[in-house]
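Those sequence lines, one after another, are chains A and B.
FYI, the numbering for the first sequence is 26 to 633, going by the working numbering.
FYI, the numbering for the second sequence is 6 to 421, going by the working numbering.
Just below is one structure, and these are the notes that go with it.
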Amino acid sequence: MRKHDFYEHRKYPVLIIISAAIVLIIVKLFSIQILDKSYKLSAENNVVRKIVKYPERGWVYDRNNTLLVSNQRAHDIMVTPYLLDSNIDTLFLCNILQLSQQEFNNKIKQAKKYSHYKPSIFLKAVSKENFADIQDKLHLFKGFYTQPRYVREYNTKSGANIFGYIGQISKSLLEKYPKYTQEDLIGITGVEKTYEKQLAGEKGIERKVVDVFGKYQSKLEDGKYDTLPKKGQDVVLTIDITLQEYAEKIMQNKRGSIVAIEPSTGEILCLVSSPNYDPSLFLGNQRSKNFTNLYLDPAKPLWDRSTSALYPPGSIFKLINALIGLQEQVINPATLFICNNGWNYKSILHIGCHKHDSPLNLRQSIAQSCNAYYCSTFQRIIASKENSTAGLDNWQQHVKSFGLNKLIHTDLHDKKMGFIPNSEYYNKKYGIRRWGASTCISLGIGQDAILMTPIQMANLASIVANKGYYRTPHIVKTINQSIDDLNQDFFTKKYCSIDSIYFESVIYGMETAVEGKHGTAKKAKLTGMKICGKTGTAQNPHGDDHSIFIAFSPRENPKIAIAVYVENGGWGSDVAAPMGSLCIEKYRTRKISRIRLENEMINKNIQY
Amino acid sequence: MVTTQRKSFDWFTIMIYLILVCWGWMSIYSSSYTIDSPLFSLNTIAGRQLAFMTCSFLIAGSILFIDAKLINRLSYLIYFFTMIALVLVLFIGKEVGGAKAWFNFGKFGLQPAEFAKIGTVLVIAKFLNDNNLYLNKTRTLIITASFVVFPVLLILMQPDAGSALVYTSLIIMFYREGLPLRYIISIIIVGILAILTLIIGVSSSIIVLIILTSILAYLLKKQEKKFMIVLIFFIICASVISGINYTYEKILQPHQKERIDLIIGKEKNELGSGYNLKQSLIAIGSGGFIGKGYLKGTQTKGNFVPEQETDFIFCTIGEEFGFIGSTLVITLLLSLIIRIILLSEKQTSRFSRIIGYSLAAILFAHIFINIGMTTGLVPVIGIPLPFFSYGGSSLLAFSTLLFIFIKFDACRMERF
Ligand SMILES: [Zn+2]
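Listed below in structure tokens is the structure:
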């Protein structure tokens, strides 16, 4: 017989414990499969590789539809750290990628810091030539793959300051532009920056299903969610590349700037900052080295002098004072002022002048650039109001209407206001009512505290050419063959405070400066084409005087207004005037008749 | 010996078994699936598993048709042979993944640790049944325990901690056969203290031990030999703590220490077992409520989960059949265990009851540890999921043990 089983009741705890343990597993499954949604995302991150299809950036043309900037295909080498073999032949790989062992390790470390599982860029924008070799061998290395993208291709060595460059987006910009990701490029300077929105295009995304080795399995749901990249819009610049290249050539081995504007439209024809650099230097793997070299260069080639350099305008400013004098009716075209080798104030103050006939009328004072004439005119302008404060502030209001002492709302990314002093400035400097017209008499001849940028000088020439108005100088003519995306303010006339009737006599003076027997701009004379110009020579406490010239041509219906500023160039009449004249000839006739003058200017090498 | 009536085989159990094995094969096929893989070939994992299944069915069938008494009589012999195999494998076994656990026969391998379970279960059943002994006697307990300790030590020498750990589940059967509750509590306390020593260090563990000892002294205040009991308890526990600490600090090699650190969770291994668990959770978690559909699991198709045909086979079920499918599988496994326990209670012979309880306990241990590991409930310990994981030895051993039990259940009126 079977012995009685004392322990039969023990089946209950056993059944309960086992069932409880199994229920515990089901609860855990419930939590990870139903409550926690994050695993779905992780699973997608595991298998779905988003391949970003980079769009082609918009192309850039000059005003005559010459292609200036396009794109070439390059490839990024991508790495997924956790897929890397531990016993990878780094020596061989470094050899292919043209990296040192040190660089290689750094890049791997960086990629690991970003993510073990997500791919990141290992080597950026490998050029076509290197890529063929890399592509042949890269498949030997697990964890690496390539991703095509575009890099800029420049068809000119000029205009780097206009185009600007693109670079990897910074952290602060990433917050501002949520559509961009860490690997994206963005315009940093120049047109690339101001027209980023139009040039950038739209990224496409292709979703691929991959296995643990990154091997392609299939398209995700037959490409239902894939999008194609959209090319950026093409941009036509107002620049005339022939003139731009020519002006850059003529400025070689000199520091300064040449800016030309079409007066009737405000379209910038050339925007030269010298020294400049080849825009292609910012492409390829030498990029950061080249950038550092340019950055450290004492001549500051990365600094766009045409829009950002603040220069004393010198004698070209006399044009403004003449116009204000006429408008305030303190002078008229027949007004004569005596010049005793300059201008004297109670034998305490003497402003020198060069030797010329005396007295001169308005026309000749412009042609021969008499200092005394403009000291006297300035004195009268100030005296025309009840006191110096009111006189100076009235003068400043007139000057500001020439687009000075303020930002012109252009599409150039880098710009400066310049400076025109008012009573406040001198009150601070000398104390209230402790100054008068004589204290700031140098304002009459464009010295003292006046500062202008070259583009403002060109705009001044443009205002005179237009007899009293300007359109905001701008660099882009059309986007995708339309002007809708441009600032509509570019197309409105902005009048200065001088009535147009007063311009005729000033222009006559400018004409005489070039054509006249004693004109300071005689070297700018061009047979067969009338040029109206004004030279300037700005005193420079640090060295030789700066050589300045502004001009427009032809006299009626002017097609080009230009400003030339050569640092330490000496007399305006010797350097800047012939250079400006050559640029006008090049733009208007597409050829140069004065070969000797051209060679002389190109070969001029100004030492510092 | 009187044969009275014969009961038919328990078809419910056999049905569940067949469903599980077939589902298991489907999972293996899915986890190793590629578009161009042939359906049946011994070169594929699924094809080989089909061969193991055929083999298992043949053995299961033959068990049902041989005389149950024969198995009963051969118990000691079977134990002896499986132990010999465990010894032999240490010398002539093939080393895989740092453990000598396999006999190699060309394309196929055999894992004696899986079959040792059968021998151990049979020998304990035979010993306790024939002598009509219960485990409330210390002498019986020691002899029975030694039947278990011997294979466990041999398996630890391979080393295969996971397979050895499964034997501790036999405590459930011991409990049913009269093992006093205090032994079980002591074992649990020793186990906790051992783990505590590794995690928080010796000094803190001693403090915990002193607290436990005080509680014990309080509980036993009315007993006569309380001083002796408390003292013995303290000495045993203290020596366990210092022994574990000494082994860990002085005897173990750095890589062995590392393994232990990983198991107790002292260290996280992003690229080793930590990576396995992470990918396993992603696969199961992404299955959601109804799963991605058979053969449509993206994680398992992309081979993201390591060992997804063997220890991590549950990921395929979780990903492709979702919460519904996983729960169904677990419910089927639980029904099997409960059915076995309930059948065991109906046995007139202790021999078959012990086999039933042992089978239920071992199944439970495998299921809980394996699914617990894939879902992150327990540390990553490599043991297969019965009927699901790829591998002939596991399937053969479980099928054999299950059908031995079904056979004995069918002749439950016979006396052995
Ligand atoms: Zn003079």
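Each residue gets a CB set at the ideal place from its N, CA and C atoms; glycine is no exception.
Backbone secondary structure at residue i - three-state DSSP
| i | result |
| --- | --- |
| W368 (chain A) | strand |
| H423 (chain A) | helix |
| C465 (chain A) | coil |
| K550 (chain A) | coil |
| C557 (chain A) | strand |
| T562 (chain A) | strand |
| N412 (chain A) | coil |
| G212 (chain A) | strand |
| E100 (chain B) | strand |
| S487 (chain A) | helix |
| M276 (chain A) | coil |
| I376 (chain B) | helix |
| Y107 (chain A) | helix |
| D101 (chain A) | strand |
| N582 (chain A) | coil |
Spatially closest choice to residue i from the options, by CA coordinates
| i | options | result |
| --- | --- | --- |
| R174 (chain A) | A:F156, A:K167 and A:L165 | A:F156 |
| P304 (chain A) | A:N412, A:F362, A:V176 and A:P338 | A:V176 |
| G291 (chain A) | A:P106, A:R613, A:R496 and A:I59 | A:R496 |
| Y37 (chain A) | B:V101, B:F155 and B:I343 | B:I343 |
| A99 (chain A) | A:I620, A:W84 and A:P80 | A:P80 |
| Q421 (chain A) | A:E536, A:H434 and A:G471 | A:G471 |
| S9 (chain A) | A:S44, A:P583, A:T503 and A:T478 | Outside the shown range of chain A, which is 26 to 633, sits residue 9 (chain A), and nothing can be said about it. |
| T435 (chain A) | A:V489, A:N491, A:L511 and A:G461 | A:L511 |
| A166 (chain B) | B:A51, B:G397, B:R417 and B:P384 | B:P384 |
| D30 (chain A) | B:M162, B:L140, B:L225 and B:K297 | B:L140 |
| N96 (chain A) | A:K440, A:K153 and A:Y520 | A:K153 |
| S399 (chain B) | B:T125, B:P117, B:I193 and B:L184 | B:P117 |
| P288 (chain A) | A:A563, A:F55, A:R74 and A:A490 | A:A490 |
| T39 (chain B) | B:K255, B:K306 and B:F108 | B:K306 |
| K138 (chain A) | A:Y170, A:V104, A:L124 and A:L118 | A:V104 |
| T219 (chain A) | A:K228, A:F188 and A:E200 | A:F188 |
| P367 (chain B) | B:D15, B:F62, B:L79 and B:L407 | Note on residue identity: the sequence assigns Ile, not Pro, to residue 367 (chain B). Checked all of B:D15, B:F62, B:L79 and B:L407; the closest Cα to I367 (chain B) is B:L407. |
| E353 (chain A) | A:E33, A:S487, A:V501 and A:Y527 | A:Y527 |
| A73 (chain B) | B:G114, B:I237, B:L47 and B:K131 | B:K131 |
Under 8 Å from the C-beta of residue i: neighbouring residues of chain A
| i | result |
| --- | --- |
| G290 (chain B) | I57, Q58, D61, S63, Y64, K65, S67 and A68 |
| Q304 (chain B) | A68, N71 and V72 |
| L382 (chain B) | L49, I50 and K53 |
Chain B contact residues for residue i, given Cβ-Cβ distances below 7 Å
| i | result |
| --- | --- |
| R35 (chain A) | Y180 and R181 |
| Y139 (chain A) | Within chain B, no residue comes near Y139 (chain A); the closest Cβ sits about 15 Å away, beyond 7 Å. |
| A46 (chain A) | F373 |
In DSSP terms, what residue i is bridged to
| i | result |
| --- | --- |
| S282 (chain A) | A:S298 and A:Y590 |
| Q389 (chain A) | Q389 (chain A) pairs with nothing; no bridge assigned. |
| T503 (chain A) | A:V261 |
| N96 (chain A) | A:R177 |
| R74 (chain A) | A:K233 |
| H571 (chain A) | A:A563 |
| I293 (chain A) | A:I286 |
| V85 (chain A) | A:V94 and A:V260 |
| T336 (chain B) | In the DSSP output, where bridge partners are listed per residue, T336 (chain B) has none listed. |
| Q261 (chain B) | DSSP lists no partner for Q261 (chain B). |
Neighbouring residues, chain A, relative to residue i (Cβ below 9 Å)
| i | result |
| --- | --- |
| I177 (chain B) | V39, I42 and I43 |
| I386 (chain B) | Per Cβ cutoff of 9 Å: no residues; I386 (chain B) is ~15 Å from chain A at best. |
Contact set between residue i and chain A, taken where Cβ atoms lie within less than 7 Å
| i | result |
| --- | --- |
| L429 (chain B) | Summary: the structure shown does not reach residue 429 (chain B), with chain B confined to residues 6 through 421, and so no result is reported for it. |
| F369 (chain B) | I43 |
| F326 (chain B) | Within chain A, no residue comes near F326 (chain B); the closest Cβ sits about 10 Å away, beyond 7 Å. |
Residues that residue i contacts on chain B, provided the C-beta gap is smaller than 9 Å
| i | result |
| --- | --- |
| Q637 (chain A) | Absent from the model: residue 637 (chain A). The displayed extent of chain A is 26 to 633, so no value can be given. |
Checklist entry - Which parts of the stretch 296-384 of chain A are runs of the beta strand (DSSP E), unbroken and 3 residues or longer, counting only runs that do not cross its ends? => result The stretch 296-384 of chain A contains these whole beta strand (DSSP E) runs: 367-370 and 374-377.
Checklist entry - Unbroken alpha helix (DSSP H) runs of length 4 or more, entirely within the stretch 112-150 of chain B: which are they? => result 117-135, all fully within the stretch 112-150 of chain B.
Item to check | chain C contacts made by the stretch 329-341 of chain B, where a contact means CB separation under 7 Å | outcome: Checking the listed chains, one finds no chain C in this structure; the protein chains it contains are A and B.
Next on the checklist: List, from N- to C-terminal side, the alpha helix (DSSP H) runs of 4 residues or more that fit wholly inside the stretch 395-421 of chain B.
Outcome noted: 397-415
Item to check | Complete runs of the alpha helix (DSSP H) confined to the stretch 167-209 of chain B [at least 4 residues] | outcome: 176-181 and 186-205
Checklist entry - Whole alpha helix (DSSP H) runs in the stretch 8-67 of chain B with 4 or more residues, listed along the chain? => result 16-36
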